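To start, the structure under review is shown below, and the notes come after it.
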Amino acid sequence: MKPAPFAYERAESVEHVLGLLGEHGDQASVLAGGQSLVPMMNMRQVRPALVVDITRIGGLGAIEPDDGELRVGALVTQFALERHDGLEPAVAECLPYTGHYVTRHRGTVGGSVAHGEPRAELPLLLLTLGGSARVRSVRGARDVPAEELYVGAYQTSLAADELLVHTSWPVAVPGEGRAFAELAQRHGDYTLACAACHLRIADGRILAARVGVGATADRPLLVPEAARELEGSSVGEAAARAAGAAAEAAIEGYDDLHASAAYRRRLAGVLVARAARQAMERARG
Amino acid sequence: MLRVEDEALLRGRGRFLDDLDPVPGAHQAAILRSTHAHARVRRLDVEAARHHPGVTGVLTGAEVQAASRPFPAACDSPIPYYAAAAEVTRFVGEPLAVVVATDRYLAEDALELIEVDYEPLDPVLDPHVATLVTERDFVYGEPDGAFAAAAVTVSGHFRFPAWTGLPMECYAVVADWASGEDRLTAWSNFQGPFTLHSVAAAALQLPGSRLRLITPPHSGGSFGIKSGVFVYVVLLGLASRKLRVPVRWTEDRLEHLAASQAATIRTTDIAGAFAADGELLGVRIDAIDDVGAYVRAPEPATMFRMHSALAGAYRVRNLALRARVVLTNRCPSGLNRGFGGPQHYLPLEGLMALAARRLQIDPLELARRNLVRELPYRTPSGGLYCTGDFAACLDDAERLVRYQDRLRERDRAHAQGRLVGVGLACVVEPSISNMGYVTLVEDEETRARSLPKSGNAEGATLTINPLGGISVQVSTTPQGQGHATVVAQVVADVFGVTPGDVTVVTETDTAQSAWTIASGNYSSRFSGAGVGAVIGAAGAVAEKLRAIAGAQLDADPAEVELRDGQARLRSDPDAAISLRRLAGMAHWNPDGLPTGMDPGLAATVYYSAPEVTPARDNDISASSENGFVVDIAVVEVDRETGRVSVLDYVSVHDAGRLLNPLLAEGQVLGGFAHGFGSAMQERTAYGPGGELLTATLKDYLCPTAADIPDVRTAHRETPSPLTPLGARGLGEGTTMSAPAALHNAVLDALGRDAPVPLPLTPANVWELLR
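If you read the protein sequences in the order shown, they are chains A and B. Take 1 as the starting number for the first sequence in this note's numbering and just add one per residue. Take 1 as the starting number for the second sequence in this note's numbering and just add one per residue.
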């Protein structure tokens, strides 16, 4: 379990990274926490010709409020975010499912979002909350909404020369509630399915909702069918159940060693209902 | 007493084989492994690999087969087993060639340059259509009569899933072939020498004295799995011989999951004949053991390890067993904690749970009516349950779990629509295996022609140096169990010193250690056989010290006691000589020793357990001792997701006298973790084409500390009259009982009248709820 030969560059600055990515494109891989990249290299599942180590770059490690959003630098570790004061409850309940306590000390938020593992928790939550990623290249900078980020398993819409520099997580305002729910076979495992719900209520009615599910397809998915069941409904158990049933009917799921597609559909439905219940609870304040 | 091993381990100063450099300048090996479950190898072209920079050379499977003999096993197999495949490969991960290079990176680069042309063949994974290696029928009493007389007959089909042991440290070998003298020295984290040193020597066509096997000071766990490293001792030994360099290989996790060693997969059809009052009149077992692609020694032993406990803890004497062993295109099986016990008790205890439902008798009550009552008890198939009180253990477990409260809570939960269940397992736990039990695979005539076998002996050497320091060398090859702690304890007691005064060497060296065909770490044999040898050696040297002291103090040696680092007279504690002085006298002045005494303050003593004899007809005492375990599990099944949560779990043991309660607790909890994993999550899975689906730890789900529920334990210490200190083994019992107890609890929660397939994953359980 040793990697194929590769070259290594320790980047000094974002500009240095962008230059290397501009030059080497898809022959280069960015090393941040390395909790996915390094095992994949060791198993020779990926063979980058050049590894660009960004861990010593300053300026990518901040967590700061930014106009109604929480801006999380690419190098912020999952553990640092987990311990961040006043963290949104949905993010707080999602992070303990992200890998293991040990891997979260090195694994980064930016790395998880950019890696595009279809069962990963942070991409699903970013998608459901309507967040975005800021990417840069020698050609310039742009913000990519989470809806446009994932195109397949381990595939994002980022160009080969682009570097994710931070993610932006919309902060809940009064009347909004978000929640995350998951079932994994073991603590820290890839999930069998996970779900997130984001909604806004007023006067006991749900005005707007977003529902997402993970580990049911090659990327995290929004489930508008489930959101529609919530929107316009009274806050309560009936709405949560209807959202779960709608999600179960809308998604396909897939078979693998650990569960059938039918199980994944049902589980996703159950978790959507659980997340919706919790989100309503939080929205009521 | 705390473990003496922990200081080094907790400070990161453990010395595992990969940390050691026993032969400077060893080259590194990487192994080319089959990507097919069953294929003809039409061409294997290693030329490009051989010429890759840094590559020392390549050893092919064909060269392995030309230079070695097939590994012997207890039964003939239609397919010879070598350390590497040549013309046909029979499981994913089977070695095809070894590349040796100056480092492992270059070796793995070169592996990719080997061209293999496979012609895929149909893989066989279904044991019912697989190649039959052996079939034997055993009948005790009159099972036909029992079934004819039964008021109720209960039956079930059980499959114990494929799983493994998953030590933290994988296999490691450093092999150094001395070419001029045809001698192989191999350092390996093996758990023997056991029978497998002889198996490896036979394959290499070496007299045993020319295969020197040395184990490192520390081992990162085994759970039985490390016994399979002998295959690589041969493979890397042949690579060292061909390439004339010492060769090092440390297995990685991908290799380990694919190709180290599986636990035996058993499929069982079981039936029980019951009287209306619940008396178990007869049991019929039809068992098929899938041992994988080859019969790897000590297989087919899994089938017979529990043979003297065929009816477990129950009095029933009418038994029938049809035992078949088959080959499939999976990784070969071998030792794994519990070895045959989990596979045996899932159907037997599952049958009792099904019968309790059918007869509408409480499971504890049904067990109580059938438990062996008076010990010693000779089982129908030849085992001896020597001492203990099975019913009292059941009572202890009932009290500990607050059984009646649990039943009320279960019924209340059911009324609320929640699925709570309670499950029982009663298990006889054998310890100190009889090497002869595997001969049951032969019919009586064949067996009569071969050497009678009852091997179980262990050896130890104790030495006192000129300054009075005590050293003990054992051959029990611990893999984390804490043998050094217990040896220090018991030796300290013999000599009246503190455990800190005793140095224990647990590295085994077949050229230096006192060992036998049975030496090693398996079948929970340490507390009886291992300690037996240590006590014997300590006793012999202590007797000598007392004799010398008696002569010096002008007293009868029987009057001398060893206490507080001195030899002194019981009648006059002031008449004393320090241990240090006595040792100095023995070393410096042999001439002054009592008349007739041999010089030297050392003894090597071997210990062989009682009640271990060769098989007679179809009877065998497969183990010297048998302990007893009662587990009760309380679980809840999430109706929505199928997830099983353990609400409470108790485990009550009678393992005789506990030599060290801390280690005993560790063994019970570790045994539980292993059994819990096999019941709940773990499985080695192959696709329809024999492709390995659990190739990484992302898919092979071994429970972690965060997933394992609390277990409450209790002990009833009935001393064993068969072992020197009254101890029985207890390292495997909970691995045997936990799958059955958890299965029975889920059965109860779901209210099912047929077995629940393992593992009890959320998706599997949910299928039953649909």
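We put the CB at the ideal spot given by N, CA and C, even for glycine. Here the structure is a predicted model, which means the values were calculated and not measured.
Cut-off 8 Å between Cβ atoms - residues of its own chain near ASP556 of chain B, not counting five sequence neighbours on either side
In the second sequence, counting from the first residue as 1, residue 556 of chain B sits at position 556. Closer than 8 Å at the Cβ level, and outside the excluded window around ASP556 of chain B, lie GLY550.
If the cut is a Cβ gap below 8 Å, which residues of chain A does ARG104 of chain B touch?
Reading the second sequence from its first residue, position 104 is the one you call residue 104 of chain B. In chain order: LYS2.
Interface partners of THR641 of chain B on chain A, CB under 7 Å:
For the purposes of this step, residue 641 of chain B is identified with residue 641 of the second sequence, where counting begins at 1. What THR641 of chain B touches in chain A: LEU183, LEU267, VAL270.
Using 9 Å as the threshold, is the C-beta distance between ARG324 of chain B and LEU125 of chain B below it?
As a first step, residue 324 of chain B must be located in the second sequence, where it is residue number 324. As a first step, residue 125 of chain B must be located in the second sequence, where it is residue number 125. No.
CA-CA distance, GLU281 of chain A and GLY177 of chain A?
Here residue 281 of chain A refers to the residue found at position 281 of the first sequence. Here residue 177 of chain A refers to the residue found at position 177 of the first sequence. One C-alpha to the other measures close to 7 Å.
Where PHE6 of chain A sits in the DSSP three-state scheme:
Your numbering for residue 6 of chain A matches position 6 in the first sequence. Here PHE6 of chain A carries a coil assignment [DSSP, helix/strand/coil].
Taking 9 Å as the threshold (beta carbon to beta carbon), is ARG253 of chain B in contact with chain A?
Indexing the second sequence from 1 puts residue 253 of chain B at position 253. Yes, contact with chain A.
I want to verify the contact list: residues of chain B whose CB lies under 9 Å from the CB of PRO5 of chain A, in sequence order.
Indexing the first sequence from 1 puts residue 5 of chain A at position 5. Close partners of PRO5 of chain A in chain B (Cβ separation under 9 Å): TYR105, ASP109.
Listing by chain order, which chain B residues have their CB less than 9 Å from the CB of HIS258 of chain A?
In the first sequence, counting from the first residue as 1, residue 258 of chain A sits at position 258. Simply ASP699, LEU701, THR761, PRO762, ALA763.
How would you write the range of the beta strand (DSSP E) that THR60 of chain B sits in, first residue to last?
Start at 1 with the first residue of the second sequence, and residue 60 of chain B comes out as number 60. Residues 55-60.
Taking Cβ to Cβ, would you say LEU750 of chain B is nearer than 9 Å to SER624 of chain B?
Locating residue 750 of chain B in the second sequence gives position 750, where the first residue counts as 1. Locating residue 624 of chain B in the second sequence gives position 624, where the first residue counts as 1. Taking C-beta atoms as the reference points, LEU750 of chain B and SER624 of chain B fail to come closer than 9 Å.
For ASP21 of chain B and PRO703 of chain B, the rounded distance between their alpha carbons
Here the question's residue 703 of chain B lines up with position 703 in the second sequence. Here the question's residue 21 of chain B lines up with position 21 in the second sequence. Their backbone Cα atoms lie some 33 Å apart in a straight line.
To the nearest angstrom, how far is it from the Cα of ARG330 of chain B to the Cα of PRO174 of chain A?
For the purposes of this step, residue 330 of chain B is identified with residue 330 of the second sequence, where counting begins at 1. For the purposes of this step, residue 174 of chain A is identified with residue 174 of the first sequence, where counting begins at 1. Cα to Cα, ARG330 of chain B sits roughly 58 Å from PRO174 of chain A.
Quick one: residues in its chain with C-beta nearer than 7 Å to the C-beta of GLY592 of chain B, no 5 flanking neighbours on either side, listed in chain order?
Mapped onto the second sequence, residue 592 of chain B falls at position 592. Closer than 7 Å at the Cβ level, and outside the excluded window around GLY592 of chain B, lie MET585.
Have a look at B:ALA367, B:PRO599, B:ARG136, B:GLN481 and flag the residue whose alpha-carbon is nearest the alpha-carbon of VAL668 of chain B.
Position 668 of the second sequence holds residue 668 of chain B. Each of B:ALA367, B:PRO599, B:ARG136, B:GLN481 was checked against the Cα of VAL668 of chain B, and the nearest Cα belongs to B:GLN481.
To which residues of the same chain is LEU364 of chain B closer than 7 Å at the C-beta, ignoring the five residues directly before and after it?
Along the second sequence, one-based indexing puts residue 364 of chain B at 364. Within its own chain, the residues whose Cβ lies closer than 7 Å to the Cβ of LEU364 of chain B, once the five positions on either side in sequence are excluded, are LEU394, GLU398, TYR403, LEU424, listed in chain order.
Which residues in chain A sit within 8 Å of LEU236 of chain B, going by Cβ to Cβ distance?
For the purposes of this step, residue 236 of chain B is taken as residue 236 along the second sequence, with counting starting at 1. Chain-order list of chain A residues neighbouring LEU236 of chain B: empty, with the shortest C-beta distance near 18 Å, by a criterion of under 8 Å.
In the DSSP assignment, the beta strand (DSSP E) including PRO145 of chain A goes from what residue to what residue?
In the first sequence, residue 145 of chain A corresponds to position 145, counting from 1. Looking at the DSSP string, the run of the beta strand (DSSP E) that includes PRO145 of chain A is 140-145.
May I ask which residues mark the beginning and end of the beta strand (DSSP E) holding VAL165 of chain A?
Walking along the first sequence from the start, residue 165 of chain A turns up at place 165. Element bounds for VAL165 of chain A: 163-170.
Please give me, in chain order, every unbroken run of the beta strand (DSSP E) with length at least 3 that falls completely inside the region 4-45 of chain B.
Assignment of beta strand (DSSP E) within the region 4-45 of chain B, counting only whole runs of 3 or more residues, yields 27-33, 39-45 in chain order.
So is LEU419 of chain B in contact with chain A if we call contact Cβ pairs under 9 Å?
Counted from its first residue, the second sequence places residue 419 of chain B at position 419. Not closer than 9 Å to any Cβ of chain A, the Cβ of LEU419 of chain B fails to qualify, so no.
Using the Cα positions of TRP515 of chain B and VAL605 of chain B, report the straight-line distance between them to the nearest angstrom.
Residue mapping note: residue 515 of chain B aligns to position 515 of the second sequence, counting from 1. Residue mapping note: residue 605 of chain B aligns to position 605 of the second sequence, counting from 1. Distance between TRP515 of chain B and VAL605 of chain B, taken at the CA atoms: about 10 Å.
Within the region 197-245 of chain B, ranges of the alpha helix (DSSP H) (whole runs, at least 4 residues):
Whole alpha helix (DSSP H) segments, 4+ residues: 230-243.
How would you list, in chain order, the residues of chain A whose beta-carbon sits under 7 Å from the beta-carbon of LEU693 of chain B?
Translated into positions along the second sequence, residue 693 of chain B becomes position 693. Listed along the chain, the chain A residues whose CB falls inside 7 Å of the CB of LEU693 of chain B are LEU257.
Locate the beta strand (DSSP E) running through SER519 of chain B, then write down its first and last residues.
Position 519 of the second sequence, counting from 1, holds the residue named residue 519 of chain B. Segment: none, SER519 of chain B is in no beta strand (DSSP E) and carries neither H nor E.
Spell out whether any CB of chain A is found under 9 Å from the CB atom of TRP766 of chain B.
Locating residue 766 of chain B in the second sequence gives position 766, where the first residue counts as 1. Yes, because at least one Cβ of chain A sits closer than 9 Å to the Cβ of TRP766 of chain B.
Figure out for me which residue from B:ILE31, B:GLY145, B:PRO380, B:SER179 has the closest Cα to the Cα of ASP617 of chain B.
Counted from its first residue, the second sequence places residue 617 of chain B at position 617. Per the Cα distances, B:PRO380.
Can you confirm whether GLU112 of chain B, when its beta carbon is compared against all beta carbons of chain A, has any partner nearer than 9 Å?
Residue mapping note: residue 112 of chain B aligns to position 112 of the second sequence, counting from 1. Yes - at least one Cβ of chain A is within 9 Å of the one on GLU112 of chain B.
Name the residues in the region 172-205 of chain A whose C-beta lies less than 8 Å from a C-beta of chain B; which are they?
Listed by position along the chain: LEU183, GLN185, ARG186, HIS187, GLY188, ASP189, TYR190, LEU192.
Residues in the same chain with beta-carbon distance under 7 Å from ALA309 of chain B, minus the five sequence neighbours each way, listed in chain order, please.
Looking up residue 309 of chain B in the second sequence gives position 309. Same-chain partners within the cutoff: THR379, GLY383, VAL428, PRO430, ASN626.
For HIS198 of chain A, the residue or residues it bridges with in DSSP
The sequence position of residue 198 of chain A within the first sequence is 198, counting from 1. DSSP output for HIS198 of chain A lists A:ARG178, A:ARG210 as bridge partner(s).
Which same chain residues end up closer than 7 Å to SER524 of chain B when comparing Cβ atoms and leaving out the 5 residues on each side of it in sequence?
Counting from one through the second sequence, the residue named residue 524 of chain B turns up at place 524. Correct list, in chain order: SER431, GLY729, LEU730, GLY731, GLU732.
Please confirm whether ALA518 of chain B and HIS307 of chain B have their CB atoms less than 9 Å apart.
Numbered from 1 along the second sequence, position 518 holds the residue referred to as residue 518 of chain B. Numbered from 1 along the second sequence, position 307 holds the residue referred to as residue 307 of chain B. No; because the gap between Cβ atoms is not below 9 Å, this pair is not in contact.
Just how far apart, CA to CA, sit LEU113 of chain B and LEU243 of chain B?
Numbered from 1 along the second sequence, position 113 holds the residue referred to as residue 113 of chain B. Numbered from 1 along the second sequence, position 243 holds the residue referred to as residue 243 of chain B. For LEU113 of chain B and LEU243 of chain B, the distance between alpha carbons rounds to 19 Å.
Could you run through the region 34-60 of chain A and flag, in chain order, every residue whose CB is less than 9 Å away from some CB of chain B?
Within the region 34-60 of chain A, the qualifying residues are PRO39, ASN42, MET43, ARG44.
Using three-state DSSP, classify GLU69 of chain A as helix, strand or coil.
By one-based count along the first sequence, residue 69 of chain A stands at place 69. Strand, per DSSP.
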